[in-house]
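Protein chains in written order, with this note's numbering: chain A, 34 to 349; chain B, 228 to 400; chain C, 341 to 452.
We put the beta carbon where it would ideally sit given N, CA and C, even for glycine.
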């Protein structure tokens with residue numbers, strides 16, 4: 034049941050994400066305004082369709098349907114030109130509108146098909162039916178599902194296939210001192226890895242924020258170091274160890290707004306004296322050790338608690 | 228799959244949960260009638276969702292229009308939504324206060340602005356006061372799937388116009 | 341033109357300085373957390389919205405003749421900053437709101 038609910042939500046998201054042009058049929062059967070109504074009969078019958086757009090020089094002039102044909106048959110003027118019988122005020126869609134607009138228009142007007150027009154050129158570029166919408170959604174769902182499966186297999190697979198009472202997966206990243214441009218790559222890579230291991234979004238975000246703050250401190254104030262993450266069954270421990278000047282007064286360093294950052298770092302939006310507090314706020318446990326002249330060792334622990342249970346499992 | 232608003236998704240899930248249960252209970256009815264029922268209620272869910280979200284969210288296309296932005300990175304602006312905005316130049320404060328899937332308005336254009344956005348799940352950055360990032364910043368944003376816009380307006384006016392356009396801020400609560 | 345004391349109550353601002361002139365005119369608003377930006381781009385009489393707590397905010401405000409500083413996100417200035425602000429006659433006001441919302445409300449009140 035969980036699966037079905039998930040798919041429903043996905044479809045709801047998809048009708049906003051997909052554009053008309055991604056689901057429409059681009060290869061459209063059209064008629065010209067100077068064609069005659071009796072030519073319409075064979076066209077509709079051969080292609081098993083109930084109506085066609087009337088187009089000249091790529092511009093949409095109207096729609097003509099099987100009802101229009103029947104009407105002209107009854108009136109006895111099947112030899113009249115199509116532009117004399119077609120519906121001129123046509124509801125249409127732009128190719129770049131979300132799919133949900135098509136659903137709303139079908140719903141409102143009860144049409145079976147709507148022509149699609151390019152917003153910039155004004156040219157008719159396709160036609161969309163209810164069937165096209167369903168086909169488009171199914172295709173996209175299949176693509177997404179496949180991507181999900183591959184990702185889950187690659188990642189969750191690793192943790193699921195390990196048989197042990199306790200798991201401890203160590204991930205280590207180097208931090209290069211004063212390389213402001215590359216700064217943050219350790220935390221970025223850690224974040225992506227934790228995400229693909231199937232750990233919940235909210236907790237991954239907290240870990241990434243704490244790790245990034247600590248990494249920036251190591252980049253700005255030390256001679257370099259490492260970010261080490263130990264992922265266990267129920268928690269992750271992040272240690273940022275650097276070598277260099279160290280912190281003379283940890284209590285003071287923890288004060289809001291206290292900073293020894295040079296002016297150029299401040300002008301880049303860092304070093305405002307909020308970083309350590311940010312780490313403390315994100316982590317469930319935080320410990321800061323430092324020795325002047327040697328370096329700093331920051332440990333933070335994040336308990337997975339409920340989030341870990343919510344993790345998607347492969348149920349067969 | 229990016230969910231625009233997890234709270235709304237969750238609410239829709241429970242609506243659909245009810246719906247699925249209904250279908251299960253009436254298991255003896257034909258498949259066809261079930262399908263119609265599902266389709267009808269599914270549609271109602273969509274409309275409902277749209278209504279509840281409208282008050283809080285804004286598409287990047289609307290942001291672009293309100294602030295007369297140049298788009299530096301990202302497409303599908305009409306269907307990309309942000310739930311709140313935060314105007315800030317201090318990265319620690321961005322990390323602390325901004326909500327996921329939001330817009331960051333800032334005068335900082337170096338790659339660390341994008342890095343901060345990536346770490347905090349920020350959806351888009353709008354650079355203010357005519358500041359433009361270099362290629363490194365734009366490349367990183369492209370790599371991480373973060374939208375980049377740029378406006379000539381200063382931060383004060385940018386925030387003011389979006390606020391008055393109905394966008395919410397990231398309050399601590 | 342709006343006078344500073346007119347906005348204090350409606351916006352729920354807490355006046356942190358004890359001895360500053362709250363009757364001055366506010367010519368407009370400026371928002372930034374970077375001192376160099378404020379130095380370069382703000383105008384005299386501007387109300388400065390920031391969450392920057394650096395003691396130099398008073399020096400910058402004084403130099404650029406800004407009308408006041410609003411600290412957002414409930415930032416509390418250090419005592420040394422307040423002493424300086426009183427000396428330089430730069431009112432420091434504190435709000436619980438984030439900058440985005442504070443700016444939106446100031447704009448609504450006509451501060452542009």
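List the DSSP bridge partners of residue 401 (chain B). Residue 401 (chain B) lies beyond the range of chain B shown here (228 to 400); nothing can be said about it.
Using 8 Å for Cβ pairs, my map puts residue 243 (chain A) next to residue 315 (chain A). What's the rounded Cβ distance? 4 Å
Chain B contact residues for residue 403 (chain C), given Cβ-Cβ distances below 8 Å: Ordered by position in chain B, no residue passes the 8 Å Cβ test against residue 403 (chain C), which lies about 19 Å from the chain.
Run down chain C in chain order and give the residues with a C-beta less than 9 Å from the C-beta of residue 353 (chain B). Residues of chain C passing the Cβ test: none, with the nearest at roughly 12 Å.
Going along the region 333 to 345 of chain B in order, which residues come within less than 8 Å of chain A, judged by CB to CB distance? 333, 335, 337, 338, 339, 340, 342, 343 and 345
Chain-ordered chain A contacts of residue 376 (chain C) [CB-CB under 7 Å]: 300
Within 10 Å of its beta-carbon, does residue 256 (chain A) have 16 or more other beta-carbons around it, so buried, or fewer, so exposed? exposed
Can you list, in chain order, the residues of its chain whose CB lies under 7 Å from that of residue 259 (chain A), leaving out five sequence neighbours each side? 205, 206, 207, 208 and 274
With a CB to CB cut of under 6 Å and the five nearest residues on each side skipped, what residues in its chain are close to residue 331 (chain A)? 247, 273 and 321
List, in order along the chain, the chain B residues whose C-beta lies closer than 7 Å to that of residue 369 (chain C)? 383
Given a limit of 8 Å on CB to CB distance, which residues of the region 72 to 94 of chain A reach chain B? none
Using a cut-off of 9 Å between C-beta atoms, extract the partners of residue 357 (chain B) located in chain C. None at all; the shortest Cβ gap to chain C is about 11 Å.
Within 8 Å of chain B by C-beta, residues of the region 388 to 412 of chain C in sequence order: 389, 391 and 392
For residue 313 (chain A) and chain B, any beta-carbon pair shorter than 8 Å? no
Hey, could you find the ends of the beta strand (DSSP E) residue 142 (chain A) is sitting in? Note, residue 142 (chain A): premise wrong, no beta strand (DSSP E); alpha helix (DSSP H) at 132 to 142.
According to DSSP, what are the bridge partners of residue 397 (chain B)? Beta-bridge pairing links residue 397 (chain B) to no other residue.
Pull up the distance between the alpha-carbon of residue 435 (chain C) and that of residue 373 (chain C), whole angstroms please. 15 Å
Where residue 65 (chain A) and residue 111 (chain A) are concerned, what is the direct C-alpha to C-alpha distance, given to the nearest angstrom? 15 Å
Taking 8 Å as the cut-off, decide whether the C-beta atoms of residue 376 (chain C) and residue 404 (chain C) are in contact. no
Taking only three categories from DSSP, how would you classify residue 78 (chain A)? helix
Hey, is residue 327 (chain B)'s beta-carbon within less than 8 Å of any beta-carbon in chain A? yes
Segment contact, 8 Å Cβ cut-off, at least three pairs: the region 146 to 165 of chain A with the region 99 to 106 of chain A: no
Could you give the distance in angstroms between the alpha-carbon of residue 448 (chain C) and the alpha-carbon of residue 377 (chain B)? 24 Å
Contact criterion: CB-CB distance below 8 Å. Does residue 290 (chain A) meet it with respect to chain C? yes
Please report the straight-line C-alpha distance between residue 336 (chain B) and residue 50 (chain A), rounded to a whole angstrom. 29 Å
Burial state of residue 397 (chain C) (16 or more Cβ within 10 Å): buried
Could you spell out the range, first to last residue, of the beta strand (DSSP E) harbouring residue 149 (chain A)? 146 to 150
Which whole runs of the beta strand (DSSP E) in the region 379 to 439 of chain C are 3 residues long or more, in chain order? 386 to 390, 408 to 411 and 432 to 434
Tell me whether the beta-carbon of residue 85 (chain A) lies closer than 8 Å to the beta-carbon of residue 63 (chain A). yes
Quickly, what does DSSP pair residue 353 (chain B) with across the bridge? List them, please. B:332 and B:376
Where does residue 360 (chain B) sit, in a helix, a strand or coil, going by DSSP? coil
Spatial distance of residue 165 (chain A) from residue 383 (chain B) (CA atoms): 46 Å
Interfacial residues, the region 217 to 244 of chain A to chain B, with Cβ spacing under 7 Å: 217, 220, 221, 224, 238, 241 and 242
Member of A:335, A:172 and A:239 whose CA lies at the smallest distance from the CA of residue 47 (chain A): A:172
Looking only at its own chain, which residues have a Cβ that is under 7 Å from the Cβ of residue 135 (chain A), when we skip the five neighbours before and after it? 53, 126, 147, 161 and 166
In chain B, which residues lie with their C-beta within 9 Å of the C-beta of residue 354 (chain C)? Residues of chain B passing the Cβ test: none, with the nearest at roughly 16 Å.
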